[in-house]
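K.L.:
Chains as they are written, first to last, in the working numbering: chain Z, 1 to 254; chain G, 1001 to 1322; chain E, 2001 to 2648.
One structure, as structure tokens, below. Some questions next.
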Amino acid sequence: MNILVCVKRVPMTGGTIVLTPDEQAIETRHLGFTISPHEECGVEEAVRLIEAQGGESAVLSLGPADAEEQLRDAMALGIDRAVLLQTDEEFDGQSTASAILASIEADRASGVEYDLIFFGNESADAGNYQVGIRVAHALGRPCVTGVKGIAVENGRARCEQEVPGGRDVYDVPLPAVVTVKEGLNLPRYPSVPGRLRAKRKPLETRTPERGAPGVEKIRLKLPEGDASQAEILGHGPAAAPAVVDVLRRAGLVA
Amino acid sequence: MTLVYVEHQDGAPEDVSLQALALARDLAGGEAVQALVAGPSAADAAAALGEHGVTTVHVPDHEVFASHAPAALGRALTQLAARLGSGAVLAAGTERGNEVMAHAAAIADLPLAANCTEVTAGDPLTVTRIRWGGSLLEEARVHGGTKLLTVAPHTVEASASGGSPAAVEPFTPELSDADTAVRVVGRVGTRSEGGVTLADAKFVVSCGRGVGSPDGFAPAEELAALLGGAVGCSRAVTIAGWRPHTDQVGQTGTKIAPEVYLACGISGATQHMAGCKGAKRIIAVNTDPEAPIISHAAYAVIGDLHEVIPAITAELRKAGAG
Amino acid sequence: MGAGLFARRARMLVRIMRLGRPAERFDDIPQRVRQEAVVAIGQKKILQRLGPGVMHALIFWGFIVLFPTIVMAMIGAVDKGATLPWLGHQGWFAFLVDLFAVLVLASVCAAFYIRKVVRPARFEGSHLGEADLILLWIAGIVTTLLLWHATRIALGINEWPASWSPAANALSNLFGTGQPTETLERVFVWAHVLLILSFLAYLPYSKHLHIITAVINVFFGRTTPRGRLEPLVFDDPDVPEDEIRMGAGTLTDMTWKQMMDTVTCTECGRCQEVCPAWNTGKALSPKLLIMGLRDHMLEQGPKLLAGDEEAAAAPLVPDAVTDEVVWDCVTCGACVRECPVSIEHIDHIVDLRRHLVMAEARFPAEADPMMRDIERSSNPWGKAQQDRAEWAEGLGVRVLEPGEPAPEVLYWVGCAASFDERARQTAVSTAKLLQAAGVDFAILGPRESCTGDPARRMGNEYVFQAFAAENVETLNDAGVTKIVASCPHCFNTLANEYPDFGGRYEVMHHTELLAELVRDGRLAATAGSEEITYHDSCYLARHNDVIADPRALVEAVGKPVEMANHGKRTFCCGAGGAHMWMEERGKPINEERVRQAAETGAKTLAVACPFCTVMLDDGVRTSGSDLRVADVATLLAESLDEPADPPA
């Protein structure tokens, strides 16, 4: 079995987000980077499936040269090889999908056909919710999204998707595209031998083509409201209506 | 003409879909708004949707829609939009709304702007959309013939316009085998017995050592049950042996990411905050207005958890929840 | 035959130890000679416990004195009329022999009293029967010696003046001058010799081997700073990747010194008695750890020498010690300080952790976020680096930007004091005090990263070294020469461990610098009347001898009262060894320490470490104590703010 996992390099925010002066990006000078949490689970699942069933796994990322760090991280966990679609530009959902598709087709031309392609359900930063589905349609393959449980058997993938009150089950034939969510598994911690091996594993850099963006970023902005100051809803039991109002706005109360 | 994909529960439209409708009506600027509603009892939504300004409810007719079938929905939506000549297609920015719209976008090869909070009509369309799970907003232009958008939940108020019930028009989409291959074939219970897990809960209420005893968690349990949420606790509580370690919210416990985190009598130690930084909104309930958690919370109630939690439960019951 | 048996066993042990990895212990010879003189000959560490210490020292010194008598007895056994030339005739030597024979006998009695009547808990898990047997053996050896001497005096064949050996002389009255005494004289000398030879044969099979190994182990004991861990080498071009040592996974991963440690252990249990983990009901006892490794080595070693591959692969964890034991350690160093024979328990623990973490990625799950956060966010809580200097907002503290001139002192704030609300107060107080004293200082702000200490103590040497390299580069590029650190863990790493990675600075803890400023009159504190008890951080007091300066500060602001365990005998707060990010099983160490602090009657518990601050403050909350936990820097800053002591 051949598995491809698509991952994105994203900064570790977690504190106050600061924008660059041109408002086009987050100021990342002092931030660390990671693989989007959903995709980390995709990497882990790919490694587990290959460990259990044999085959080869690859990881792909579209991003800057520094994304090699994330690709090596994935290989440290056991992924066999990596493809970097290197660009310093931001791709929208549509052009990301096209670039990934082109890369998959290039692999196919060299004889590598993926039985299973994992994406994150959505990226941590852009939150476009669409790249995996677009790639699936372009390849003419079924796509299950938001997967938190997967079992691959007899050329089919049985996928579980969390919904209120339980899990919906999908059963699709391979080859397929699956977008996964954090909670699918607990990603392992990389061993040092794994990290050392990852340094030597093959990493191929390709240049993606970026079409005209369909969703064209004008600028980023921070949500209104001073995040560092809590809004006092009230004192004692008298605050209950205000609390319920917050719950309602959060969609927890009809 | 603007088309909206409406999610519903047994014919009752979801609130988030009504919010998307409100935005769609704004965008349509007086033009007709129509809806695609799928599944059994879809037609039952006509009356409610009429009140929210929908003139026609289109119901796709195919056995696959007996359960959720996202690719088929995307196909049906694309075909309907093409037939109706829709300038824009919207849905709620829920998991399923985003999923169905992404299928439609992929099929039609059109741009899709997910989780918009504001839209300004025009060509290109200008939107404000959510990134980073709400920590950041993006202003963007949406190109393409038909504009595809999802509306971030709870950022737009639903508003009834008091229209008459919508007309119901069944239609038969042309679906390939590939379109129908992806569908829900069964349902299994959640792994945890009797409720959601702490890590997955959309609502978490935690208590610190101030609850006084293991029994002190009863009001929190009641509140969590009412909202389909889970109960967490601080490290001090698990050290005291009042709750299992799996209930501990924190860096060395469970990391949570609920829509609302109600932290009661929790001081906000660094190790605790590392476990709940994924929460969208934190409401801190604390007698001490200087407690560190207040500086991390979006909202605060200054008061004793023993009084505040039951008051919230009572208020919710009054509001008809549970 | 006795000697033969001894040699055979000793050869086996040496062969096993030769399987061990190298350890750099042949340097620093003058220091090694000094520790041999003080710790081995001088019995300094064993005398840390006075009663048992004196008892042991007398037996030990007794055996040194009595050593020539072994030769004399052997000569005497073969030839009744012969002895060692010169020495055998010396009255003063006879006196020493007589005196120490009696002292050894008395000490054996004292030892039995300790073991049978006092029965200290430290012996739990030790081989008690074996110890009793050895004591009886020793008693037998000296008793037969005395009796042999007595019979010789009775027979008038003593080569030395009888008056020089009062005990033997007195005993000689029991014997006549006839044939029975002649026979008894032969019996006693042969009994004496046989007891010694059988003792020699038994020795290498027992914990009593320490009479030989301890002498060697003390000589090869570490001469480097106590707080420093030995670095592993990941990028030696001569070492193939799969042969890189990643701590200790199997027997042959242990260094020969570590193997020597195990056969040096006397099972005295002093380490166990002071261990905060053992004292709060955890699985770890440093003594049982070493004994477990020894048993494993003695079981697998011979098989390994015979080419048994299964033995070669036998994992130390869980075969020799359990995972739980490995993770219970807080690296406080109480055991290492206490050990009379220079066993280095922390190095064993860390090497076991290194293998588990790096080779197997096996460690308590709750520490996983910390390890990932250090790597990704440069701090163990996953906070945003750009918020690192948030605590200093509005204080006018200079943040050293690249290219700017280095300050006189770089203030290394540390992650806890940068991000943790309770610990931040220490940073604020320290900054204000340095400003008040007019010290030219700056902080690195977002360019300061975790030193890597929690990763290193978890066994994640690989990640630690990455951070060491990065921080050393930042510090060296900035031209920093002098550092003051708030966190004793950062302080220890910067001072004792970064030199291994090219970072050599004058490093002070903030209590040292503040005490200096108070002494120089640059900070004028006003002593209040409040009773304050100071909790020593392990990484200050025990690992780095910083004991007097924090006390000077406490004295400058209040009335110091000491806890029973203080200074080098301090009791850990429970956070060391990366335990700040692990869940504790059983009785919490911090609550035990808070109980000890509350016993003093003081209202304020002064600390000098951000981890101690958080742990003890948590302990105060969970145990319902009304102690106020505050860093000495904060107490000092308050005393400057309010020069007049408010009336009690």
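Ideal placement from N, C-alpha and C gives every residue a C-beta, glycine not left out.
With a Cβ-Cβ cutoff of 8 Å, do residue 2291 of chain E and residue 192 of chain Z count as a contact?
P.N.:
To locate residue 2291 of chain E, count along the third sequence from 1; it is residue 291. To locate residue 192 of chain Z, count along the first sequence from 1; it is residue 192. Their beta carbons are not under 8 Å apart, which means residue 2291 of chain E does not touch residue 192 of chain Z by this criterion.
K.L.:
Under three-state DSSP, which class holds residue 1191 of chain G?
P.N.:
Your numbering for residue 1191 of chain G matches position 191 in the second sequence. Residue placement at residue 1191 of chain G is poorly supported in this model, since its pLDDT is 48, which falls under 50; the coordinates still yield a value, given next. Residue 1191 of chain G: coil per DSSP, three-state reduction.
K.L.:
Between which residues of its own chain and residue 133 of chain Z is the CB-CB distance below 6 Å, once the five residues before and five after are set aside?
P.N.:
Mapped onto the first sequence, residue 133 of chain Z falls at position 133. Taken in chain order, the residues that qualify are 143.
K.L.:
How is the alpha helix (DSSP H) around residue 2430 of chain E delimited, first residue to last?
P.N.:
Indexing the third sequence from 1 puts residue 2430 of chain E at position 430. From DSSP, the alpha helix (DSSP H) with residue 2430 of chain E extends over 2421-2436.
K.L.:
Quick one: give me the first and last residue of the beta strand (DSSP E) that residue 82 of chain Z is part of.
P.N.:
For the purposes of this step, residue 82 of chain Z is identified with residue 82 of the first sequence, where counting begins at 1. Counting along the chain, the beta strand (DSSP E) containing residue 82 of chain Z begins and ends at 81-86.
K.L.:
Once DSSP output is grouped into helix, strand and coil, what is the label at residue 168 of chain Z?
P.N.:
Translated into positions along the first sequence, residue 168 of chain Z becomes position 168. Of the three classes helix, strand and coil, the one that applies to residue 168 of chain Z here is strand, per DSSP.
K.L.:
Assuming residue 2494 of chain E contacts residue 2451 of chain E under a Cβ cut-off of 8 Å, what Cβ separation, rounded to an integer in Å, is found between them?
P.N.:
Counting from 1 along the third sequence, the entry for residue 2494 of chain E is found at position 494. Counting from 1 along the third sequence, the entry for residue 2451 of chain E is found at position 451. At roughly 6 Å, the Cβ-Cβ gap stays under 8 Å, so residue 2494 of chain E and residue 2451 of chain E are in contact.
K.L.:
Is residue 1312 of chain G helix, strand or coil when you go by DSSP?
P.N.:
Counting from 1 along the second sequence, the entry for residue 1312 of chain G is found at position 312. Three-state DSSP puts residue 1312 of chain G in a helix.
K.L.:
Given residue 2104 of chain E, which residues of its chain have a CB within under 7 Å of its CB, disregarding the five upstream and five downstream residues?
P.N.:
Looking up residue 2104 of chain E in the third sequence gives position 104. Around residue 2104 of chain E: 2058, 2059, 2062, 2138, 2142.
K.L.:
For residue 2134 of chain E, which residues from the same chain have a beta carbon less than 6 Å from its beta carbon, with the 5 sequence-adjacent residues on both sides left out?
P.N.:
Taking the third sequence and counting its residues from 1, one reaches residue 2134 of chain E at position 134. 2208.
K.L.:
So that I know if they touch, is there some Cβ in chain Z lying closer than 8 Å to that of residue 1200 of chain G?
P.N.:
As a first step, residue 1200 of chain G is located in the second sequence; it is residue number 200 there, counting from the start. It does; some Cβ of chain Z falls within 8 Å.
K.L.:
Give the DSSP bridge partners of residue 161 of chain Z, in chain order.
P.N.:
Residue 161 of chain Z sits at position 161 when you count from the first residue of the first sequence. Beta-bridge pairing links residue 161 of chain Z to Z:147, Z:168.
K.L.:
Helix, strand or coil, according to DSSP, for residue 2286 of chain E in the structure here?
P.N.:
Locating residue 2286 of chain E in the third sequence gives position 286, counting from the first residue. Note: residue 2286 of chain E maps to helix in three-state DSSP.
K.L.:
So with CB distances below 8 Å, who are the chain Z contacts of residue 2446 of chain E?
P.N.:
One-based indexing of the third sequence puts residue 2446 of chain E at position 446. Ordered by position in chain Z, the residues that pass the 8 Å Cβ test against residue 2446 of chain E are 29, 30.
K.L.:
Any C-beta of chain Z sitting closer than 8 Å to the C-beta of residue 2371 of chain E?
P.N.:
Within the third sequence, numbered from 1, the residue matching residue 2371 of chain E stands at position 371. Taking Cβ atoms only, chain Z reaches closer than 8 Å to residue 2371 of chain E, which makes this a yes.
K.L.:
Hey, is the segment 2547-2557 of chain E in contact with the segment 2495-2512 of chain E, meaning 3+ C-beta pairs nearer than 8 Å?
P.N.:
The segment 2547-2557 of chain E vs the segment 2495-2512 of chain E: in contact.
K.L.:
Rounded to the nearest angstrom, what separates residue 1191 of chain G and residue 161 of chain Z at their Cα positions?
P.N.:
By one-based count along the second sequence, residue 1191 of chain G stands at place 191. By one-based count along the first sequence, residue 161 of chain Z stands at place 161. Residue placement at residue 1191 of chain G cannot be trusted, given a pLDDT of 48 that sits under 50; what the coordinates show is reported in the next sentence. So the alpha carbons of these two residues sit roughly 12 Å apart.
K.L.:
For residue 1040 of chain G, go through chain Z and note every residue whose CB falls closer than 7 Å to its CB, in chain order.
P.N.:
Against the second sequence, residue 1040 of chain G aligns to sequence position 40. Correct list: empty, because the minimum Cβ distance to chain Z is about 16 Å.
K.L.:
In three-state DSSP terms, what is residue 2392 of chain E?
P.N.:
If you number the third sequence from 1, residue 2392 of chain E lands on position 392. Residue state, collapsed to three classes: helix.
K.L.:
Put residue 2501 of chain E into one of helix, strand or coil per three-state DSSP.
P.N.:
In the third sequence, residue 2501 of chain E corresponds to position 501, counting from 1. If DSSP states are grouped into helix, strand and coil, residue 2501 of chain E belongs with the helices.
K.L.:
Classify residue 2647 of chain E as buried or exposed, calling it buried when 16 or more other Cβ atoms lie within 10 Å of its own Cβ.
P.N.:
To locate residue 2647 of chain E, count along the third sequence from 1; it is residue 647. With a pLDDT of 43 at residue 2647 of chain E, under the threshold of 50, the modelled position of this residue cannot be trusted, and the question is left open.
K.L.:
Am I right that residue 1204 of chain G and residue 1261 of chain G are in contact with their C-beta atoms under 8 Å? What's the rounded C-beta distance?
P.N.:
For the purposes of this step, residue 1204 of chain G is identified with residue 204 of the second sequence, where counting begins at 1. For the purposes of this step, residue 1261 of chain G is identified with residue 261 of the second sequence, where counting begins at 1. Right, their Cβ atoms sit about 5 Å apart.
K.L.:
Helix, strand or coil for residue 100 of chain Z, going by three-state DSSP, please let me know.
P.N.:
Taking the first residue of the first sequence as 1, we reach residue 100 of chain Z at position 100. Three-state result, residue 100 of chain Z: helix.
K.L.:
From residue 2040 of chain E to residue 2341 of chain E, what does the alpha carbon distance come to, in whole angstroms?
P.N.:
One-based indexing of the third sequence puts residue 2040 of chain E at position 40. One-based indexing of the third sequence puts residue 2341 of chain E at position 341. C-alpha separation (whole angstroms): 8 Å.
K.L.:
Taking the alpha-carbon positions, what's the residue 2054 of chain E to residue 2188 of chain E distance?
P.N.:
By one-based count along the third sequence, residue 2054 of chain E stands at place 54. By one-based count along the third sequence, residue 2188 of chain E stands at place 188. Cα-Cα distance, rounded: 29 Å.
K.L.:
By alpha-carbon positions, which one of E:2213, E:2181, E:2384 ends up nearest to residue 1277 of chain G?
P.N.:
What you label residue 1277 of chain G is simply residue 277 of the second sequence in a count that begins at 1. Minimum Cα distance to residue 1277 of chain G is reached at E:2384.
K.L.:
Could you give the DSSP three-state label for residue 2233 of chain E: helix, strand or coil?
P.N.:
In the third sequence, counting from the first residue as 1, residue 2233 of chain E sits at position 233. The answer is coil: DSSP assigns residue 2233 of chain E none of H, G, I, E or B.
K.L.:
Do residue 2622 of chain E and residue 1240 of chain G have their beta-carbon atoms positioned less than 8 Å apart in this structure?
P.N.:
Within the second sequence, residue 1240 of chain G is the residue found at index 240, counting from 1. Within the third sequence, residue 2622 of chain E is the residue found at index 622, counting from 1. For residue 1240 of chain G and residue 2622 of chain E, yes; Cβs fall inside 8 Å.
K.L.:
Using DSSP with H/G/I as helix, E/B as strand and the rest coil, what is residue 2239 of chain E?
P.N.:
The residue labelled residue 2239 of chain E in the question sits at position 239 within the third sequence. Here residue 2239 of chain E sits in coil by DSSP.
K.L.:
Using a Cβ-Cβ distance cut-off of 8 Å, determine whether residue 1130 of chain G contacts chain E.
P.N.:
For the purposes of this step, residue 1130 of chain G is taken as residue 130 along the second sequence, with counting starting at 1. False, the Cβ-Cβ gap to chain E never drops below 8 Å.
K.L.:
Grouping DSSP H, G and I as helix and E and B as strand, with all else coil, what is residue 2631 of chain E?
P.N.:
By one-based count along the third sequence, residue 2631 of chain E stands at place 631. Strand, per DSSP.
K.L.:
Give the secondary structure of residue 2174 of chain E by DSSP, where H, G and I count as helix, E and B as strand, and everything else as coil.
P.N.:
As a first step, residue 2174 of chain E must be located in the third sequence, where it is residue number 174. Coil.
K.L.:
Confirm, please, whether the CB-CB distance from residue 2088 of chain E to residue 2024 of chain E is below 8 Å.
P.N.:
Position 24 of the third sequence holds residue 2024 of chain E. Position 88 of the third sequence holds residue 2088 of chain E. The answer is no: Cβ separation not under 8 Å.
K.L.:
Between residue 210 of chain Z and residue 62 of chain Z, what straight-line distance do the alpha-carbon atoms span, to the nearest angstrom?
P.N.:
By one-based count along the first sequence, residue 210 of chain Z stands at place 210. By one-based count along the first sequence, residue 62 of chain Z stands at place 62. Whole-angstrom Cα-Cα distance: 11 Å.
K.L.:
Give every residue of the same chain whose Cβ lies closer than 7 Å to the Cβ of residue 2337 of chain E, excluding the five residues on either side of it in the sequence, and list them in chain order.
P.N.:
Reading the third sequence from its first residue, position 337 is the one you call residue 2337 of chain E. These residues qualify, in order along the chain: 2542, 2568.
K.L.:
Under 9 Å, CB to CB, which of the residues in the segment 2421-2433 of chain E have a partner in chain G?
P.N.:
Residues passing the 9 Å Cβ filter: 2421, 2422, 2423.
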